[in-house]
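One structure below.
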Amino acid sequence: MYQEGEMKKVANLTKSDVRETSLRRNLDLTKEIRADATNDLESLTEDFKHMTLVVESVQRNYKALLAQNQQLKETLLGLVEECYCWQGNRCERCERILKVLAGDKAEEKIDPVGEYKAILKQLRKLG
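The opening residue of the sequence shown carries number 249 in this note's numbering; numbering runs sequentially from there.
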């Protein structure tokens, strides 16, 4: 078998091997974790790029919708202005147009800032 001096060498090699194996395993694991993190960040970057494109598209569509809405309102107001009736004595058609333009809140005081804050609050809850 082994003599006493040789046994110490084997024991030292074994301890050294265990330390080296453990170190190599830790380094490999660290390398894998870093590679996974890099891949996750790349995926997240792609997701953000996609979300940015979606938000930009929604913004464009919303701006176009607002422009169309404003154009329709101006057209309807133009119809009222061109009518033979006058303010305080509107015909039935112009009354309907003005009621539509006023919306359901014709009798209520309109608070656009409050409405905007309510919309923002709802959006923040979603995000």
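Don't be surprised by glycine CBs; every beta carbon is placed ideally from N, CA and C.
What number of angstroms, rounded off, separates the C-alpha of residue i from the C-alpha of residue j?
{"i": "V348", "j": "A366", "result": "23 Å"}
{"i": "A312", "j": "K279", "result": "50 Å"}
{"i": "H298", "j": "R273", "result": "37 Å"}
{"i": "T286", "j": "G362", "result": "44 Å"}
{"i": "G336", "j": "V306", "result": "41 Å"}
{"i": "L271", "j": "L277", "result": "10 Å"}
{"i": "R372", "j": "V302", "result": "17 Å"}
{"i": "R338", "j": "V328", "result": "9 Å"}
{"i": "R341", "j": "L368", "result": "36 Å"}
{"i": "D359", "j": "D295", "result": "37 Å"}
{"i": "C333", "j": "E343", "result": "10 Å"}
{"i": "Q318", "j": "R308", "result": "15 Å"}
Ignore the nearest five residues each way along the sequence and tell me which others in residue i's own chain have a CB closer than 7 Å to its CB.
{"i": "K321", "result": "L349"}
Might you give, ordered along the chain, the residues of its own chain that have their beta carbon closer than 8 Å to the beta carbon of residue i, omitting 5 neighbours on each side?
{"i": "L324", "result": "I345, V348 and L349"}
Which residue comes first and which comes last in the alpha helix (DSSP H) that contains residue i?
{"i": "R344", "result": "E340 to A350"}
{"i": "Y332", "result": "Segment: none, Y332 is in no alpha helix (DSSP H) and carries neither H nor E."}
Among residues of its own chain, excluding the 5 on either side of residue i, which ones have a beta-carbon nearer than 6 Å to its beta-carbon?
{"i": "E268", "result": "none"}
{"i": "G351", "result": "none"}
Please decide whether residue i counts as near chain D, where near means a Cβ-Cβ distance under 9 Å.
{"i": "G362", "result": "No chain D appears in this structure, which consists of one protein chain only."}
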